[in-house]
Amino acid sequence: MPELPEVETTVRGLARVLQGQRISSVQKRRPDLRRALPQDLGQRLTGARVTGLGRRAKYGLVDTDRGDTLVFHLGMSGYWRVDPHELLKHDHFVMDTEAGRRIVLNDARRFGSLDLVETAELGDWPPFKALGPEPFGLDARELQRRLAGRSAAIKLLLLDQRIVAGLGNIYVCEALYRAGIHPRRAGGSISLDRLKRLVPAIHDVLAEAIEAGGSTLKDFVSPDGELGYFSKAFAVYDREGQPCGRGGTVKRIVQGGRSTFYCPQCQH
DNA sequence: AGATATTCCTGGAGGC
DNA sequence: TGCCTCCAGGAATATC
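Sequential numbering of the first sequence, starting at 0, is according to numbering that gives the first Met the number 0.
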């Protein structure tokens with residue numbers, strides 16, 4: 000599912016098609032995803048030139064020369080296809096460039112979003128305003144400060160986008176495993192020494208996933224249609240009952256209504 | 001304030 | 001074969 004590495008991979012793929020290109024037309028194939036698409040999306044994008052692409056947390060950003068940024072979130076099932084032969088069920092948004100390229104957003108579950116925000120106002124845009132720091136650039140002391148006084152499980156706190164922005168269920172499980180930290184441990188009780196193992200673990204697992212082109216799981220496809228392969232490298236995620244690789248056996252528990260995978264032998 | 005539960009939606013998997 | 005239930009994912013919202 001799209002977490003930070005998949006969004007990063009998607010943005011890089013879209014950049015190859017969109018960077019510097021003029022948008023010739025867009026097509027809304029339904030009026031809403033998670034929320035309504037902007038009424039004036041078509042007018043504001045048509046004829047605009049793409050000046051840059053970027054990412055904030057799990058959001059992809061497409062800047063235009065009109066001072067607007069198209070902000071997309073892939074939710075749980077969203078993905079872009081490039082130059083598809085045909086349109087499929089759940090293809091909700093189509094954008095064409097003057098160069099004759101096409102990108103199509105498919106999102107069966109519609110937990111994703113598409114917004115058009117004035118680039119200069121992005122920092123004040125409500126969904127961005129509360130976001131914590133990017134995982135890259137986060138250091139152990141900063142994380143310790145953000146966890147201070149919190150009694151909730153570290154697993155849940157790392158999923159909270161206000162504490163760190165961009166982590167999802169998969170990479171939180173993997174990072175905690177790598178750092179040897181039990182997912183139920185109270186966030187505020189973790190020593191600085193242990194956070195100094197956790198932060199690099201987060202960096203490493205994300206960087207490796209980006210390097211691998213994002214994980215596929217069930218329905219992530221990179222923009223050029225190639226499947227990523229990082230999912231083969233999961234140590235614990237979706238591996239209940241299987242060996243963790245260091246002699247332990249992966250266990251599944253539920254936290255906040257969602258599955259956590261960890262190794263009781265390796266994580267304390 | 002913090003912690004927890006619920007909601008949105010579809011499709012795939014597994015049970016009978 | 002079909003019908004049923006359960007589960008996955010992210011984030012906003014509601015409720016304790």
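Backbone N, C-alpha and C define an ideal beta-carbon position, used for all residues, glycine too.
What you are looking at is a predicted structure, and each value in this text was computed from that prediction instead of being measured.
Going by C-alpha distance, which of Gly-19, Ser-188, Pro-126 is nearest Arg-149?
-> Counting from 1 along the first sequence, the entry for residue 149 is found at position 150. Of Gly-19, Ser-188, Pro-126, the smallest CA-CA separation from Arg-149 is found for Ser-188.
Between Phe-110 and Arg-33, which are expected to be in contact by the criterion C-beta below 8 Å, what is the C-beta distance as a whole number of angstroms?
-> Within the first sequence, the letter at position 111 stands for residue 110. Within the first sequence, the letter at position 34 stands for residue 33. Contact flag correct, Cβ pair sits at about 6 Å.
Distance between beta carbons of Val-198 and Leu-137, contact taken as under 8 Å = Residue mapping note: residue 137 aligns to position 138 of the first sequence, counting from 1. Residue mapping note: residue 198 aligns to position 199 of the first sequence, counting from 1. Indeed, because the Cβ distance is near 6 Å, the residues count as touching under 8 Å.
Determine the contact status of Arg-238 and Val-249, defining contact as a CB-CB distance below 8 Å.
-> Your numbering for residue 238 matches position 239 in the first sequence. Your numbering for residue 249 matches position 250 in the first sequence. It is a contact, given that the beta carbons lie within the stated cut-off.
Using the DSSP secondary-structure output, state which residues sit across from Gly-77 in a beta bridge.
-> In the first sequence, residue 77 corresponds to position 78, counting from 1. Answer is Asp-106.
N- and C-terminal bounds of the alpha helix (DSSP H) containing Arg-43 = Within the first sequence, the letter at position 44 stands for residue 43. Start and end: 40-44.
Straight-line Cα distance separating Tyr-170 from Ile-264 = Here residue 264 refers to the residue found at position 265 of the first sequence. Here residue 170 refers to the residue found at position 171 of the first sequence. It should be noted that the sequence gives Gln, not Ile, for residue 264. Gln-264 and Tyr-170: Cα-Cα distance of roughly 19 Å.
Under 7 Å Cβ to Cβ from Leu-155, same chain only, skipping five residues before and after it: list those, please.
-> Taking the first residue of the first sequence as 1, we reach residue 155 at position 156. Excluding positions up to five away in sequence, the list reads Gln-254, Gly-255.
Does the beta-carbon of Lys-88 have 16 or more other beta-carbons within 10 angstroms, so that it is buried, or is it exposed?
-> Residue numbering aside, residue 88 sits at position 89 when the first sequence is read from its first letter. By the neighbour-count rule (16 or more Cβ atoms within 10 Å), Lys-88 is not buried but exposed.
If you draw a straight line from the alpha carbon of Gly-224 to that of Glu-7, how long is it in whole angstroms?
-> Locating residue 224 in the first sequence gives position 225, where the first residue counts as 1. Locating residue 7 in the first sequence gives position 8, where the first residue counts as 1. Reliability of the predicted coordinates at Gly-224 is poor, the pLDDT of 46 falling under 50, and the value obtained from them is presented with this limitation in mind. Each residue's alpha carbon lies about 15 Å from the other.
Find the nearest neighbour of Ala-200 within the set Ala-139, Ala-56, Gln-241, judged by alpha-carbon distance.
-> Position 201 of the first sequence, counted from the first residue, corresponds to residue 200. The shortest C-alpha separation from Ala-200 is found at Ala-139.
How big is the Cα-Cα spacing for Arg-29 and Glu-85?
-> Residue mapping note: residue 29 aligns to position 30 of the first sequence, counting from 1. Residue mapping note: residue 85 aligns to position 86 of the first sequence, counting from 1. Cα to Cα, the separation comes out at about 17 Å.
With a 10 Å radius around its C-beta and 16 neighbouring C-beta atoms as the bar for buried, classify Ala-47 as buried or exposed.
-> As a position in the first sequence, residue 47 is number 48, starting the count at 1. Buried is the call here.
Buried/exposed call for Ala-164, threshold 16 Cβ in 10 Å = Along the first sequence, read from residue 1 onward, the residue named residue 164 stands at position 165. Burial call: buried.
Nearest residue (CA-CA) to Pro-182, options Phe-233, Arg-251, Tyr-78, Ala-147 = Here residue 182 corresponds to residue number 183 of the first sequence, with the count starting at 1. For Pro-182, the nearest C-alpha among the options comes from Arg-251.
Euclidean distance between Cα positions of Gln-20 and Arg-100 | For the purposes of this step, residue 20 is taken as residue 21 along the first sequence, with counting starting at 1. For the purposes of this step, residue 100 is taken as residue 101 along the first sequence, with counting starting at 1. Between Gln-20 and Arg-100, the C-alpha separation is close to 9 Å.
Give me whichever residues DSSP pairs with Gln-26 in a beta bridge.
-> The residue given as residue 26 occupies position 27 in the first sequence. DSSP lists Val-93 as partners of Gln-26.
Kindly give me the distance between the Cβ atoms of Asp-62 and Thr-9, rounded to whole angstroms, as I take these residues to be in contact under 8 Å.
-> The count along the first sequence starts at 1 and reaches residue 62 at position 63. The count along the first sequence starts at 1 and reaches residue 9 at position 10. Incorrect: roughly 16 Å between the Cβ atoms, too far for contact.
For His-72, which option in Glu-5, Pro-83, Tyr-176, Thr-259 has the closest C-alpha, if you only look at C-alpha atoms?
-> On the first sequence, position 73 is the one that residue 72 refers to. Minimum Cα distance to His-72 is reached at Glu-5.
For Phe-127, the first and last residue of its enclosing alpha helix (DSSP H) = As a working mapping, residue 127 is identified with position 128 in the first sequence. Residues 125-128.
Secondary structure of Gly-53, DSSP reduced to three states = Here residue 53 refers to the residue found at position 54 of the first sequence. Secondary structure at Gly-53: strand, using DSSP grouped into helix, strand and coil.
Taking the Cβ atom as the reference point for each residue, do Pro-126 and Gly-77 lie within a distance shorter than 8 Å?
-> Against the first sequence, residue 126 aligns to sequence position 127. Against the first sequence, residue 77 aligns to sequence position 78. No, Cβ-Cβ distance for Pro-126 and Gly-77 is not below 8 Å.
Which of helix, strand or coil DSSP assigns to Leu-69 | Reading the first sequence from its first residue, position 70 is the one you call residue 69. Three-state DSSP puts Leu-69 in a strand.
Sequence-distant residues of the same chain with beta carbon closer than 7 Å to Asp-64, five excluded per side | As a working mapping, residue 64 is identified with position 65 in the first sequence. If we look at Asp-64 and ignore the five residues flanking it on each side, its Cβ neighbours are Ala-47, Arg-48, Thr-50.
Whole-angstrom distance between Ala-211 and Lys-57, CA atom to CA atom | To locate residue 57, count along the first sequence from 1; it is residue 58. To locate residue 211, count along the first sequence from 1; it is residue 212. The straight-line gap from Cα to Cα measures roughly 17 Å.
Alpha helix (DSSP H) containing Tyr-170: first to last residue?
-> Residue numbering aside, residue 170 sits at position 171 when the first sequence is read from its first letter. Run containing Tyr-170: 168-178, per the alpha helix (DSSP H) assignment.
When the distance is taken between beta carbons, is Leu-60 closer than 8 Å to Leu-113?
-> Counting from one through the first sequence, the residue named residue 113 turns up at place 114. Counting from one through the first sequence, the residue named residue 60 turns up at place 61. For Leu-113 and Leu-60, no; Cβs fall outside 8 Å.
Cα-Cα separation between Gln-266 and Cys-172, rounded to whole angstroms = Numbered from its first residue, the first sequence carries residue 266 at position 267. Numbered from its first residue, the first sequence carries residue 172 at position 173. One C-alpha to the other measures close to 11 Å.
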